[in-house]
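Reading through the structure tokens given below for one structure.
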Amino acid sequence: MTDARGNDVISVIRGTNKARWDRVLLKLSGEAFAGQSSYGIDGPVVETIAAEIAGAYAEFDVDIGVVVGGGNIWRGMSGASKGMDRAQADYMGMLATVINALALQDTLERIGVPTRVQTAVHMAQIAEPYIRRRAIRHFEKGRVVIFAGGTGNPFFTTDTTAALRAVEVEAGAVLKGTQVDGVYTADPKLDPNATKLDQITYMDVLQRDLRHRYAGLLRAPPPPRSEPGERGGERERTG
Numbered sequence: 012m013t014d015a016r017g018n019d020v021i022s023v024i025r026g027t028n029k030a031r032w033d034r035v036l037l038k039l040s041g042e043a044f045a046g047q048s049s050y051g052i053d054g055p056v057v058e059t060i061a062a063e064i065a066g067a068y069a070e071f072d073v074d075i076g077v078v079v080g081g082g083n084i085w086r087g088m089s090g091a092s093k094g095m096d097r098a099q100a101d102y103m104g105m106l107a108t109v110i111n112a113l114a115l116q117d118t119l120e121r122i123g124v125p126t127r128v129q130t131a132v133h134m135a136q137i138a139e140p141y142i143r144r145r146a147i148r149h150f151e152k153g154r155v156v157i158f159a160g161g162t163g164n165p166f167f168t169t170d171t172t173a174a175l176r177a178v179e180v181e182a183g184a185v186l187k188g189t190q191v192d193g194v195y196t197a198d199p200k201l202d203p204n205a206t207k208l209d210q211i212t213y214m215d216v217l218q219r220d221l222r223h224r225y226a227g228l229l230r231a232p233p234p235p236r237s238e239p240g241e242r243g244g245e246r247e248r249t250g
């Protein structure tokens, strides 16, 4: 069987092993797509990312959603710091996330993983608009769903998007792929005395002012709908 480009189509069969969570949301920073470079998309790196996702897809019976950043192409805060209108700069960043999402979708589909891209910014000729029920239906059909365009609003990071989408689609955990292996008391790249925190609560993050880019791979199940304000004191694993 071949696709429209004449390439052989490989189909990855979804795994049957039970995972810890039925549905997960993976957050990938834009920098992850650049590899060792500081800008752009590194093809082999994207292939490695796709292979990791495909491996999990083939082994476990788990729904996989992905939120992508766009910092490898454009970062709204950088534009704003140079005098650009912040909202305008953030809109450019949203478009950058779409570029990364399309690259990842193409790579996943070439290795046989059914994938859909949904964008928070309407661009019907390129991808589906983000519709919560449609995203959940894609999961039910065994597809990987990539969420692009951030929240669709300026002044919000793609980390915020990941938390929002996770709650909306009822994911069991948010897995953040970033440049460090956990949450630290300070930037471990700058402070040799930085200490890794094995467990932390949401309130700890706020009280210690740990809202940093290096606060990576925080596995934080979204709060239950029935108790939206009671998870702040629970301890979540990091790293």
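Here our numbering is used: position 130 in the sequence shown is 141, and no number is missing along the way.
Glycine included, each C-beta is placed from N, C-alpha and C at the ideal position.
Q. Where does Lys29 land, buried or exposed, given buried means 16+ other C-beta within 10 angstroms?
A. Position 18 of the sequence shown holds residue 29. Burial call: exposed.
Q: Can you give me the Cβ contacts of Tyr225 inside the same chain, cut-off strictly under 6 angstroms, excluding the 5 residues immediately before and after it?
A: Along the sequence shown, read from residue 1 onward, the residue named residue 225 stands at position 214. Note that Tyr225 has pLDDT 43, beneath the 50 cutoff, so the model's placement of it is unreliable and the number below is only indicative. For Tyr225, where only same-chain residues beyond five positions count, the Cβ hits under 6 angstroms are Val191 and Asp198.
Q: Can you say whether Asn204 is buried or exposed, counting buried as having 16 or more other CB atoms within 10 angstroms of its CB?
A: Position 193 of the sequence shown, counting from 1, holds the residue named residue 204. Per the 10 Å Cβ criterion, exposed.
Q: Go through the stretch 141-226 residue by residue and report every complete run of the beta strand (DSSP E) that reaches 3 residues or more, in order.
A: 155-159 and 184-188
Q.
Tell me the rounded alpha-carbon separation between Val180 and Asn83.
A. Taking the first residue of the sequence shown as position 1, residue 180 is located at position 169. Taking the first residue of the sequence shown as position 1, residue 83 is located at position 72. Val180 and Asn83: Cα-Cα distance of roughly 27 angstroms.
(Q) Quick check: the Cα distance between Glu42 and Gly81, rounded to an integer number of angstroms? (A) Taking the first residue of the sequence shown as position 1, residue 42 is located at position 31. Taking the first residue of the sequence shown as position 1, residue 81 is located at position 70. Approximately 8 angstroms between the Cα atoms of the pair.
Q) Would the beta-carbon of Asp202 be found less than 7 angstroms away from any heavy atom of the ligand COA? A) Summarising the ligand content, the structure contains no ligands, and the ligand COA is consequently not present.
Q. Among residues of its own chain, excluding the 5 on either side of Ala100, which ones have a beta-carbon nearer than 7 angstroms to its beta-carbon?
A. Start at 1 with the first residue of the sequence shown, and residue 100 comes out as number 89. Contacts found: Gly87, Gly90 and Ala91.
Q) Among the residues of its own chain, which have a CB less than 6 angstroms from the CB of Thr196, if the five just before and after it don't count? A) Taking the sequence shown and counting its residues from 1, one reaches residue 196 at position 185. Answer for Thr196: Ala205 and Thr206, listed in chain order.
**Q.** Rounded separation between Gly123 and Ala114 - CA only
**A.** The count along the sequence shown starts at 1 and reaches residue 123 at position 112. The count along the sequence shown starts at 1 and reaches residue 114 at position 103. In a straight line, the C-alpha of Gly123 is about 15 angstroms away from that of Ala114.
Q) Going by other Cβ atoms of all chains shown within 10 Å of its Cβ, with 16 needed for buried, is Ser40 buried or exposed? A) On the sequence shown, residue 40 is found 29 positions in, with the first residue counted as 1. Classification of Ser40: buried, given that the 10 Å Cβ count is 16 or more.
Q.
If you reduce the DSSP assignment to three classes, tell me which class Gly76 lands in.
A. Your numbering for residue 76 matches position 65 in the sequence shown. Correct three-state label for Gly76: strand.
Q | Distance between Ala182 and Asp220 (C-alpha atoms, nearest Å) | A | Walking along the sequence shown from the start, residue 220 turns up at place 209. Walking along the sequence shown from the start, residue 182 turns up at place 171. Cα to Cα, the separation comes out at about 26 angstroms.
Q.
Quick check on Arg148: buried or exposed, where buried means 16 or more other Cβ atoms within 10 Å of its Cβ?
A. Locating residue 148 in the sequence shown gives position 137, where the first residue counts as 1. When all chains shown are included, Arg148 counts as exposed.
Q) By a C-beta neighbour count over all protein chains shown, 10 Å radius and 16 as the cutoff for buried, is Tyr141 buried or exposed? A) Working through the sequence shown from its first residue, we reach residue 141 at position 130. Tyr141 is buried by the Cβ-count criterion.
Q | Segments of 4+ residues assigned as alpha helix (DSSP H) that fall wholly inside the stretch 21-85 | A | 42-45 and 54-70
**Q.** Exposure label - Ile64; buried when at least 16 CB within 10 Å
**A.** As a working mapping, residue 64 is identified with position 53 in the sequence shown. Classification of Ile64: buried, given that the 10 Å Cβ count is 16 or more.
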